[in-house]
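Residue numbers (my numbering): 261 to 452.
Structure representation (structure tokens):
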């Protein structure tokens, strides 16, 4: 059996209070977070003021303030980063909407392979609200979407973070995609 990856070892050291571990961890995971941010930003509207490097920087600032997290491993860290990226983008979308009466929310095209089928007019805030609604019904299914869609984690990595089998993740993923498609379609019809 092999030991923890370098990123996991540094996360555990940081959790234990070693401030230098964070300095060593950042270069190891920076490229991965940039890719995650790039995937998220690719779904955003053209001319978005937030760019992937700024999104990563904002996430790092928020992660440094998170002291209560019991980091388990690299996948757990990436899951938290995905959640924070989602929050930053939703805050930006809500801020933009509040500045512009009657303006469109930040659009996010939901890829058919990710959530089920593209829903015309679906946007990040609607997806965020739908995920929150799903979380009230089944928190794990909402987390699966967050980790896979926003975090870009594989089925295996998602299973490790949530401590369930990959088969359970696949069942949750299928259910959540269908549920979200229905919810986003209903939101689209209600807003007409």
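Using N, Cα and C, we set each Cβ at its ideal position, and we do this for glycine too.
Would residue i and residue j be called neighbours here (beta carbons separated by less than 8 Å)?
{"i": "residue 413", "j": "residue 402", "result": "no"}
{"i": "residue 265", "j": "residue 334", "result": "yes"}
{"i": "residue 225", "j": "residue 331", "result": "As displayed, the chain neither begins before 261 nor continues past 452, which places residue 225 out of reach and without an answer."}
Here's a check: name, in chain order, each residue in its chain whose Cβ is nearer than 6 Å to the Cβ of residue i, leaving out the five neighbours to either side.
{"i": "residue 316", "result": "293, 294, 297"}
{"i": "residue 411", "result": "338, 339, 342"}
{"i": "residue 453", "result": "Limits of the chain in this structure are 261 at one end and 452 at the other, which puts residue 453 out of reach."}
Let me know if residue i comes out buried or exposed under the rule of 16 or more other beta-carbons within 10 Å of its beta-carbon.
{"i": "residue 311", "result": "exposed"}
{"i": "residue 283", "result": "exposed"}
{"i": "residue 422", "result": "buried"}
Using a Cβ-Cβ cutoff of less than 7 Å, which residues in the same chain neighbour residue i once the five nearest sequence positions on both sides are dropped?
{"i": "residue 318", "result": "348"}
{"i": "residue 393", "result": "443"}
{"i": "residue 426", "result": "415, 416, 419"}
For residue i and residue j, what's the separation of their Cα atoms in angstroms?
{"i": "residue 405", "j": "residue 290", "result": "23 Å"}
{"i": "residue 303", "j": "residue 383", "result": "10 Å"}
{"i": "residue 285", "j": "residue 446", "result": "43 Å"}
{"i": "residue 336", "j": "residue 272", "result": "11 Å"}
{"i": "residue 247", "j": "residue 407", "result": "The question about residue 247 has no answer, for the chain in this structure spans 261 to 452."}
{"i": "residue 441", "j": "residue 280", "result": "44 Å"}
{"i": "residue 268", "j": "residue 395", "result": "28 Å"}
{"i": "residue 314", "j": "residue 351", "result": "14 Å"}
In terms of residues, what are the limits of the alpha helix (DSSP H) holding residue i?
{"i": "residue 439", "result": "426-450"}
{"i": "residue 298", "result": "279-302"}
{"i": "residue 268", "result": "266-275"}
{"i": "residue 404", "result": "399-405"}
Taking 8 Å as the limit between beta carbons, can you name the residues of its chain near residue i, skipping five residues before and five after?
{"i": "residue 277", "result": "none"}
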